[in-house]
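Using the working numbering, read the sequence shown as starting at 21 and increasing by one per residue.
Worksheet: the structure to be examined is printed underneath.
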Amino acid sequence: YVGLLYMGLMLTDAGAKVLEYNVRFGDPECQALMPRLRSDLVDICEASLDGKLDQLDLAWDPRTSVCVTLASGGYPGDYRNGLPITGLADAEARGATVFHAGTKDAAGKLVTAGGRVLSVVGLGSDLDQAREVAYGACDVIRFDGKHCRRDIGKRKDARKKA
Numbered sequence: 021y022v023g024l025l026y027m028g029l030m031l032t033d034a035g036a037k038v039l040e041y042n043v044r045f046g047d048p049e050c051q052a053l054m055p056r057l058r059s060d061l062v063d064i065c066e067a068s069l070d071g072k073l074d075q076l077d078l079a080w081d082p083r084t085s086v087c088v089t090l091a092s093g094g095y096p097g098d099y100r101n102g103l104p105i106t107g108l109a110d111a112e113a114r115g116a117t118v119f120h121a122g123t124k125d126a127a128g129k130l131v132t133a134g135g136r137v138l139s140v141v142g143l144g145s146d147l148d149q150a151r152e153v154a155y156g157a158c159d160v161i162r163f164d165g166k167h168c169r170r171d172i173g174k175r176k177d178a179r180k181k182a
């Protein structure tokens, strides 16, 4: 096999456990990594196909990344679509990167179109600063029923293992 292999892992007291594996990028795991990648992804894919990954010198932004998913009210159960979304420019002005998932353009207006609506990534010199950027951006994005986890990067056991 030549290509991408994604492993979804969970850290437990007994060590890392495999939850899933795929031959594609994970979502939203990929969103946390892409803002840090400084090398050209096409060059990486071509080197993989040519069997020359060992000849690449990958460049990464050294900062820490935090990714927070904004979900529709009711997700993962019933949720409403077609709700207007605002605040993306303000979120990006705070230094965050916003990735679209469950969104669509409805007559020139951005609206919700799924349970996982947006992923917001913040970069920082440490985990706390990355969290500040990500959550600060999440707070200025608006749509009815918006919710997200508020504990990303906060669990002490996960911070020790990171």
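Glycine included, each C-beta is placed from N, C-alpha and C at the ideal position.
All values reported here derive from a predicted model rather than from experimental measurement.
Open item on the list: Is the separation between the beta-carbon of Val-137 and that of Ala-116 shorter than 8 Å?
Closed with: Reading the sequence shown from its first residue, position 117 is the one you call residue 137. Reading the sequence shown from its first residue, position 96 is the one you call residue 116. No, they are not a contact pair.
TODO: Verify whether the separation of the beta carbon atoms of Ile-161 and Gly-93 is less than 8 Å.
DONE: As a working note, residue 161 is residue 141 in the sequence shown. As a working note, residue 93 is residue 73 in the sequence shown. Not a contact, by the Cβ cut-off of 8 Å.
Task: Residues that DSSP places opposite Arg-162 in a beta bridge - done: Start at 1 with the first residue of the sequence shown, and residue 162 comes out as number 142. Looking at the DSSP assignment, Arg-162 forms a beta bridge with Thr-106.
- [ ] Would you give the residue range spanned by the beta strand (DSSP E) that Cys-168 belongs to?
- [x] For the purposes of this step, residue 168 is taken as residue 148 along the sequence shown, with counting starting at 1. It is not in any beta strand (DSSP E) - Cys-168 carries neither H nor E in the DSSP assignment.
Open item on the list: Within the continuous beta strand (DSSP E) that includes Leu-138, where are the two ends?
Closed with: Position 118 of the sequence shown, counted from the first residue, corresponds to residue 138. First-last of the beta strand (DSSP E) with Leu-138: 136 to 144.
Open item on the list: Quick check on the burial criterion: 16 or more other C-beta atoms within 10 angstroms. Buried or exposed for Gly-97?
Closed with: As a working mapping, residue 97 is identified with position 77 in the sequence shown. It is exposed - the Cβ of Gly-97 has fewer than 16 other Cβ atoms within 10 Å.
- [ ] Give a yes or no on whether the C-beta atoms belonging to Thr-84 and Leu-39 are separated by under 8 Å.
- [x] Taking the sequence shown and counting its residues from 1, the one referred to as residue 84 is at position 64. Taking the sequence shown and counting its residues from 1, the one referred to as residue 39 is at position 19. Going by C-beta atoms, Thr-84 is not nearer than 8 Å to Leu-39.
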